[in-house]
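Visitor: I have a structure here, written as structure tokens, and I will follow up with some questions on it.
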């Protein structure tokens, strides 16, 4: 049995991971801006902006899972918003490291979420690996800062960075947002529809986290997308078919999305493929590796 501290534990991924770890018999704690007990999970307070952490959260902790971070496409990317996107990920990791080292409370591992957009918001037929250099655009800068902060922990403990694509879940997130217009018969490709959409089923992602926590041979970055490489137009068509809805409307113009979302529209309008060979080489196997069956599984959970 291990004691695991999760940042961002109340989000979609954190909630599912907490449930999984509790079911496995582990002790789970959360760090939260609103401390208090939540069922079997105590939430300890922290304030990244003020540099404060309740030290009790770190006492006796074996592993830290770092999921905290403001939503990437929740708001337009102003300079202030981009600073928040970076700070909520990188500054929070740095704060934890500073407190953990000062108090002598270092864990055995630090497992951090990371972005599949590490190579930038581009559309290409290249299949990126973890060894390819990062891009230089805004999403890549966010990703690099995020991973650099996690890497600072490597001087003291094992670090794993899980480069996460679109997460498909019946509990919310991208699938619900994409399915909403489709349910009304308004499904359509976004922009050119040619952009790749790396994705992962929530169950597989949670298994990846459990795998990374307890596999001491894992170090560094891993792409955790499913093997089924799908373009946006194929994704939307598959979703419409699964929902038994028509799919005939012309594409939503990219210029419209740019007007609505600003620079962050690039995350939706561009996308590349990523190889998951490295995570597979650790012995991990995806249970939902084909898009159609993954979507049908999740839709079935809603009915």
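Numbering (our numbering), first residue to last: 14 to 316. Backbone N, C-alpha and C fix where the C-beta goes; we use that ideal spot for every residue, glycine too.
Between residue 235 and residue 289, what straight-line distance do the alpha-carbon atoms span, to the nearest angstrom?
Guide: 7 angstroms
Visitor: Give me whichever residues DSSP pairs with residue 182 in a beta bridge.
Guide: 185
Visitor: At 3 residues or longer, what runs of the beta strand (DSSP E) sit wholly inside the segment 119-146?
Guide: DSSP runs (the beta strand (DSSP E)) wholly in the segment 119-146: 122-128.
Visitor: Return the residue from the list 60, 306, 94 that minimises the CA-CA distance to residue 112.
Guide: It is 60.
Visitor: How far does the beta strand (DSSP E) with residue 176 in it extend, from its first residue to its last?
Guide: Element bounds for residue 176: 171-177.
Visitor: Assess contact between the segment 143-152 and the segment 179-193, defined as three or more Cβ pairs (one per stretch) separated by less than 8 angstroms. Is contact present?
Guide: no
Visitor: When you compare each of 47, 263, 131 to residue 161 by their alpha carbons, which one comes out closest?
Guide: Of the listed residues, the one whose Cα sits closest to residue 161 is 131.
Visitor: Give, in chain order, every unbroken run of the alpha helix (DSSP H) that is at least 4 residues long and sits entirely within the segment 249-287.
Guide: 267-274, 279-282
Visitor: Let me know the secondary structure DSSP gives residue 45 once reduced to three states.
Guide: Of the three classes helix, strand and coil, the one that applies to residue 45 here is strand, per DSSP.
Visitor: Quick check: what's the CA-CA separation for residue 108 versus residue 65?
Guide: 8 angstroms
Visitor: By Cβ distance below 6 angstroms, which residues in the same chain neighbour residue 316 in space, the five residues on each side in sequence not counted?
Guide: At residue 316, the pLDDT of 46 sits below 50, so the modelled position is not reliable and the matter cannot be decided from this model.
Visitor: What would DSSP say about residue 211, mapped onto helix, strand or coil?
Guide: coil
Visitor: Let's test the definition: count the other Cβ atoms within 10 Å of the Cβ of residue 268 and tell me whether it reaches 16, buried, or not, exposed.
Guide: exposed
Visitor: Could you tell me if residue 301 is buried or exposed, where buried requires 16 or more neighbouring beta carbons within 10 angstroms of its beta carbon?
Guide: buried
Visitor: Short check: CB of residue 30 to CB of residue 19, under 8 angstroms?
Guide: yes
Visitor: Our contact map puts residue 206 next to residue 246 with C-beta atoms below 8 angstroms; I'd like the distance itself, whole angstroms only.
Guide: 3 angstroms
Visitor: Quick check on DSSP: helix, strand or coil for residue 245?
Guide: helix
Visitor: Drop a sphere of 10 angstroms on the beta-carbon of residue 90, count the other beta-carbons inside from all chains shown, and report buried for 16 or more, exposed for fewer.
Guide: Under this definition residue 90 is a buried residue.
Visitor: How is the beta strand (DSSP E) around residue 58 delimited, first residue to last?
Guide: 54-60
Visitor: Pick from 101, 249, 114, 28: whose alpha carbon is nearest that of residue 169?
Guide: Nearest C-alpha to residue 169 among 101, 249, 114, 28: 114.
Visitor: Give me the residue from 85, 51, 117 with the minimum Cα distance to residue 347.
Guide: No answer is possible for residue 347: it lies beyond the span of the chain, which begins at 14 and ends at 316.
Visitor: Would residue 124 and residue 76 qualify as a contact pair, given that the criterion is a beta-carbon distance under 8 angstroms?
Guide: yes
Visitor: Specify the secondary structure class of residue 224 as computed by DSSP and reduced to three states.
Guide: Here residue 224 sits in helix by DSSP.
Visitor: Nearest-angstrom Cα distance between residue 183 and residue 252?
Guide: Those two C-alpha atoms are separated by around 13 angstroms.
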